[in-house]
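Peer 1: Under full-length UniProt numbering, the first residue of the sequence shown is numbered 1, with each subsequent residue one higher. All residues carry an ideal CB built from backbone N, CA and C; glycine is no exception. Just so you know, these numbers come straight off a predicted model, no measurement behind them.
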Amino acid sequence: MSNSPQLLIKRLSEHAKLPTRGSAHAAGYDIYCAHDIIIPAKGKAIVATDISLAIPIGHYGRVAPRSGLASKHHLDTGAGVIDADYRGPLGVLMFNFSEQDYEVKRGDRVAQLILEKISTPEVVEVDSLEESVRGVGGFGSTGYQ
Numbered sequence: 001m002s003n004s005p006q007l008l009i010k011r012l013s014e015h016a017k018l019p020t021r022g023s024a025h026a027a028g029y030d031i032y033c034a035h036d037i038i039i040p041a042k043g044k045a046i047v048a049t050d051i052s053l054a055i056p057i058g059h060y061g062r063v064a065p066r067s068g069l070a071s072k073h074h075l076d077t078g079a080g081v082i083d084a085d086y087r088g089p090l091g092v093l094m095f096n097f098s099e100q101d102y103e104v105k106r107g108d109r110v111a112q113l114i115l116e117k118i119s120t121p122e123v124v125e126v127d128s129l130e131e132s133v134r135g136v137g138g139f140g141s142t143g144y145q
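1. Just the C-alpha distance for VAL63 and VAL136, rounded to the nearest angstrom, thanks.
2. Mind listing, in chain order, the continuous alpha helix (DSSP H) runs of no fewer than 4 residues lying wholly within the UniProt domain "dUTPase-like" (15–143)?
3. DSSP three-state call for LEU8: helix, strand or coil?
4. Whole angstroms are fine: how far does the CA of ASP36 sit from the CA of ILE55?
5. Would you call the CB atoms of residue 146 and LEU53 closer than 8 Å?
6. If we call anything under 8 Å between Cβ atoms a contact, is ILE51 one with LEU93?
7. Can you list, in chain order, the residues of its chain with a C-beta nearer than 8 Å to that of PRO65? Leave out the 5 residues immediately preceding and following it.
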């Protein structure tokens with residue numbers, strides 16, 4: 001028996017497909033659309049997958065865009081954090097930045113699920129912080145001058 005963490009998946013309908021990896025070294029699991037839907041031009045929609053999952057403790061699931069959908073069709077994903085204790089249906093929030101509606105068909109790959117290890121340190125309030133080389137430099141402060 002393996003000590004590797006397991007990603008537990010429950011199908012919520014006969015249209016649900018289990019996540020798959022495109023290759024042995026793929027970082028993400030492809031997530032599939034369970035029902036036809038149109039993502040309106042310059043709009044957004046939640047794409048149903050009809051799966052729920054149990055992310056291993058010490059990890060979270062990040063829903064990330066598929067590079068082909070982003071580069072060819074101007075589609076992106078948002079609100080992509082899945083906590084380890086969430087057990088509801090997985091919906092993929094998709095944004096269409098193009099001028100045309102985009103039709104997603106049942107069985108289409110719509111996003112990637114990437115499992116990432118997390119650290120949850122204790123929050124401690126302090127009166128001051130150590131100095132750093134960067135200091136308070138914010139947006140664009142480390143770019144070339």
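Peer 2: Put simply:
1. 31 Å
2. 67–73
3. strand
4. 26 Å
5. Here the chain has residues from 1 to 145 only, and residue 146 is not among them.
6. no
7. LEU75, ASP76, THR77, ALA111 and GLN112
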